[in-house]
Amino acid sequence: MDEAGASCSSLTCTPQGVTGSVPRSTPKWAGRRGAAPAGEGQGGEDEEEDCFQLQLLYCLYETQDDAFVRQALSGLPELVLERVRFSRMDLEVLSYCVRCCPAGQALRLRACRLVAAQEKEKKSLMKRLQGSRATTKHLPVSLLRPLCEAMADPQCGLQSLTLAHCKLPDVVCQDLSEALRAAPSLTELNLLQNRLSQAGMRMLSEGLAWPKCQVQTLR
Numbered sequence: 001m002d003e004a005g006a007s008c009s010s011l012t013c014t015p016q017g018v019t020g021s022v023p024r025s026t027p028k029w030a031g032r033r034g035a036a037p038a039g040e041g042q043g044g045e046d047e048e049e050d051c052f053q054l055q056l057l058y059c060l061y062e063t064q065d066d067a068f069v070r071q072a073l074s075g076l077p078e079l080v081l082e083r084v085r086f087s088r089m090d091l092e093v094l095s096y097c098v099r100c101c102p103a104g105q106a107l108r109l110r111a112c113r114l115v116a117a118q119e120k121e122k123k124s125l126m127k128r129l130q131g132s133r134a135t136t137k138h139l140p141v142s143l144l145r146p147l148c149e150a151m152a153d154p155q156c157g158l159q160s161l162t163l164a165h166c167k168l169p170d171v172v173c174q175d176l177s178e179a180l181r182a183a184p185s186l187t188e189l190n191l192l193q194n195r196l197s198q199a200g201m202r203m204l205s206e207g208l209a210w211p212k213c214q215v216q217t218l219r
């Protein structure tokens, strides 16, 4: 294990959750993680807590031990990430942990960027395509696809998902709709203060109406 990996070995998993400290130094391969967009970071204890949770997820991901991750997250029943400019690596880490999460887990994403920079640059082109004969089946893969696939995994225990102030584009709505059809434990979905297009709302409605969809509470 390299130096960065060893730095996470100070974490100990107990029936109550994870004990120990998450180091300030983080894996070099992780890059600049969890950075809030310029002008949006407010600082303070809330931001530090969000940073800690993302760092913790990276450390859990490093173990690649499903049972350990599940036991560790049992002591952290609610994951809250705010104002995160997600990279694809961030989403890979988050998705792995969500796939391993225990029953009753809640995930709250607030004011997070869910569109990759290169995808955002193509926004005007996508609008033109949506106005042509292109259908939702031809939408590109969204940044959130790995998370949606993790939610649909049979062992995923995610019970509650909140996406608030995230400006969900159609590509995310499409992947989320697919996840709603198969997520085994998701019973609560909160989509607060999001900008949804008519196409996005239609796709989400189709997922919620699917016979095997478990969602009982929608906000």
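Take the sequence shown: its position 75, counted from the start at 1, is 75 in UniProt numbering, and no numbers get skipped. Note that the Cβ used here is the ideal one computed from N, Cα and C, for glycine as well.
Subject >> Spatial neighbours of N190 in its chain, beta-carbon cut-off 6 Å, leaving aside the 5 residues before and after >> reply: Shown here for N190: same chain residues with a beta carbon closer than 6 Å to its own, the five before and five after excluded, namely T162 and R219 in chain order.
Original post:
When DSSP builds the beta bridges, which residues end up paired with S160?
Top reply: Beta-bridge annotation (DSSP): S160 is paired with A106 and E188.
Subject >> Beta-carbon proximity check, G207 vs S177, cutoff 8 Å >> reply: Using a Cβ distance threshold of 8 Å, G207 and S177 count as a contacting pair.
**OP:** May I ask you to verify whether the stretch 169-185 touches the stretch 84-92, counting CB pairs closer than 8 Å and requiring at least 3?
**Re:** Short answer: they don't touch.
Original post:
Can you tell me whether DSSP reads residue 254 as helix, strand or coil?
Top reply: Since the displayed the chain opens at 1 and closes at 219, residue 254 lies outside it and no answer follows.
Subject >> Rounded straight-line distance, which links the Cα of V215 to that of Y61 >> reply: Pairing Y61 with V215, the inter-Cα distance amounts to about 28 Å.
Subject >> Neighbourhood of F86 by C-beta distance below 7 Å, restricted to the same chain and skipping five residues each side >> reply: Within the same chain, C112, R113, L114 and L143 come within 7 Å of F86 by CB-CB distance, once the 5 residues on both sides are set aside.
**OP:** Just grab the DSSP bridge partners of T217 for me.
**Re:** As DSSP reads the structure, T217 sits in a beta bridge with E188.
Original post:
Between the Cα of Q159 and the Cα atoms of K167, A209, A179 and L54, which residue gives the shortest distance?
Top reply: In terms of Cα proximity to Q159, the closest of K167, A209, A179 and L54 is A179.
Subject >> Anticipated Cβ contact below 8 Å, R108 with E78, distance rounded >> reply: Right, the Cβ-Cβ distance comes to about 7 Å (below 8 Å), so this counts as a contact.
Original post:
Is A152 near A182, with beta carbons less than 8 Å apart?
Top reply: For A152 and A182, yes; Cβs fall inside 8 Å.
**OP:** To the nearest angstrom, report how far apart V84 and R70 are at their CA atoms.
**Re:** Between the alpha carbons of V84 and R70 lies a distance of about 23 Å.
Original post:
Between A72 and G200, what straight-line distance do the alpha-carbon atoms span, to the nearest angstrom?
Top reply: About 35 Å.
**OP:** Taking A150 and R99 to be in contact with their CB atoms under 8 Å, please state how far apart those CB atoms are, rounded to whole angstroms.
**Re:** The Cβ separation is near 4 Å, so the contact holds.
**OP:** Could you round the C-beta distance between N194 and K167 to whole angstroms and report it? I think they count as a contact, below 8 Å.
**Re:** About 6 Å; that satisfies the 8 Å criterion.
**OP:** Determine the closest residue to A103 out of E82, S74 and S95, with distance taken between C-alpha atoms.
**Re:** Taking only the C-alpha atoms, the option nearest A103 is S74.
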